[in-house]
Structures are given as structure tokens and as C-alpha cells.
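A short worksheet on the structure shown next.
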Amino acid sequence: MKNNYIIVDKSILPDCYEKVITARASLAEGKYRDVSEAVKAVGISRSTYYKYKDFVFLPDDFSPHRKAVISFSLAHETGKLGEVLGIVYACEASVLTISQNLPINGKAHLVISLDLTEAKHSAEEITEKISKIKGASGTRLVSVG
Numbered sequence: 003m004k005n006n007y008i009i010v011d012k013s014i015l016p017d018c019y020e021k022v023i024t025a026r027a028s029l030a031e032g033k034y035r036d037v038s039e040a041v042k043a044v045g046i047s048r049s050t051y052y053k054y055k056d057f058v059f060l061p062d063d064f065s066p067h068r069k070a071v072i073s074f075s076l077a078h079e080t081g082k083l084g085e086v087l088g089i090v091y092a093c094e095a096s097v098l099t100i101s102q103n104l105p106i107n108g109k110a111h112l113v114i115s116l117d118l119t120e121a122k123h124s125a126e127e128i129t130e131k132i133s134k135i136k137g138a139s140g141t142r143l144v145s146v147g
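Position one of the sequence shown corresponds to residue 3 (the numbering used here), numbered consecutively onward.
Spelled out as C-alpha cells, the structure:
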């Protein structure tokens, strides 16, 4: 997964990428009630927003700490969350938060945020390791900075 990313000067990219980032940040700050309002304010379509929202990010150059957010579903079985935490521990990352929904149909949705400052593996590698757990599905790296 590490090879899926490149750093590009935004001056050569279409402005829609930056507008997606702006819309997403405005939504996170509560500036707009919904996606329709946010995309209208920045001048892009809803389809453009949804096409790129999970793929464009700003680097966080001003923070000494690296963070990642990973989202996935996990089978509601004894020890599965322990496997995830074992991977995080083995990669020498630190858990900042864990949000787990109630299991429905034998699966629970989780979002974990990690501090990667001391990690020996990248966010992409940790995400890949979690995706290989039997019972994990829909694993994706939501944010890294």
C-alpha cells in the first residue's frame, strides 16, 4: 500500500482536490449541516466530493506526532479485538481512541485512531495487517497525518 501514494505540488492538480479537502474540513468543523451545503459553498458537485473524499489529504507538517485513523468491520467473536490490538502493539503504535458500534448480524464496525510517532510500520502496513485478520472486512485507512 505504501507505493499507492505520491507527493505532488497542488499547483499542478485540478482545483477540485483542494475543494474536496476544504469541504470535508468544513463538515468536520460543523460549518455546514450536510454535504450538499459544503460542496455548494466550495463549488464542486456531490459526485466529485464522494469520488475523492477518501483519497485526498493534506500533510500535517506542523505536528510532531503522526496519526492514523482506520475503519473496519470485525466479527463479533471472542479475542478478535485483541488480535487487532496485538497488531498495533507489535507495530509499536499507540491507540488513541477506539470506537466500536454494537454488533449487528455478528459484526461490529470499529474506528481506531493511532499515534504512529514511535511506530515501526507505516499506517498502510498496519491497515494491511488488520485486513488479514479472519473476520475483518471493509478495512480502510481513513486518514493519515
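A virtual CB, placed ideally from N, CA and C, is assigned to each residue, including glycine.
Item	Value
Bridge partners - Phe-74, DSSP secondary structure assignment	Leu-112
Given 8 Å, three or more beta-carbon pairs between the stretch 70 to 88 and the stretch 112 to 129	yes
Val-22 versus Ala-43, Thr-80, Gly-32, residue with shortest Cα-Cα distance	Ala-43
Beta strand (DSSP E) segment containing Gly-140, residue limits	138 to 146
Residue range of the alpha helix (DSSP H) that includes Phe-89	Note on identity: in this sequence residue 89 is Ile, with Phe being the wrong assignment. That run of the alpha helix (DSSP H) goes 82 to 92.
Beta-carbon proximity list for His-123, same chain, < 7 Å, skipping 5 on both sides	Cys-93
Other residues of its chain near Pro-53: CB distance less than 8 Å, five sequence neighbours each side excluded	With the sequence shown as reference, residue 53 is identified as Lys, and Pro is not the correct amino acid for it. Hits under 8 Å: none found.
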